[in-house]
Structure formats: structure tokens, C-alpha cells
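The next block holds one structure in the form of C-alpha cells; read it before the comments.
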């Protein structure tokens, strides 16, 4: 794969290599991809947590009715 990143990104890659964080351009790109993947995963978790927190608040405020596990089982099996 041949990638043209442009001067600002190529300069950033060279700075990362000079600082010793990676040995070559391929290592920099691999590390960046893994870091981006982790960041996306953390963002997904944060969004799910935020949504669950909002649902819990609405349930606690009695805006959404709650059901016991037995009630849900009964609904699903009928």
C-alpha cells in the first residue's frame, strides 16, 4: 500500500521517529491506527454510558415504567 499523506503529516511522522516512539514510518502508522481504534472504542463506551445514565434518570423520575424480570419473561413468552 502506498499512501500520500502530505507534508504536515509526513513531518509529524518524522518527529515521532526522531523522538524514538517508533522506528520507521510503518510503525508510526500502525500505532496511530491502533490508537484511533482505542479512541473510537472509548467514545462508544462513553456514549453508551451517557445513554444508560439518561434512561436510568428517566426511569427514576417515573417517566418510563419499569418491569420486573418475571414480568418481562411473561411478556416474552406469551
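In my numbering, the protein residues as written are -4 to 73. Yeah, the Cβ is synthetic: ideal placement off N, Cα and C, and Gly gets one too.
Per the C-alpha coordinates, the member of 33, 9, 35 and 36 positioned closest to residue 23 is 9.
The C-alpha of residue 49 is placed about 44 Å away from the C-alpha of residue 14. Assignment of residue 3 by DSSP, reduced to helix, strand and coil, places it in the helix class.
When only Cα atoms are considered, residue 7 and residue 54 end up about 48 Å apart. Annotated three-state conformation of residue 69 is helix, per DSSP.
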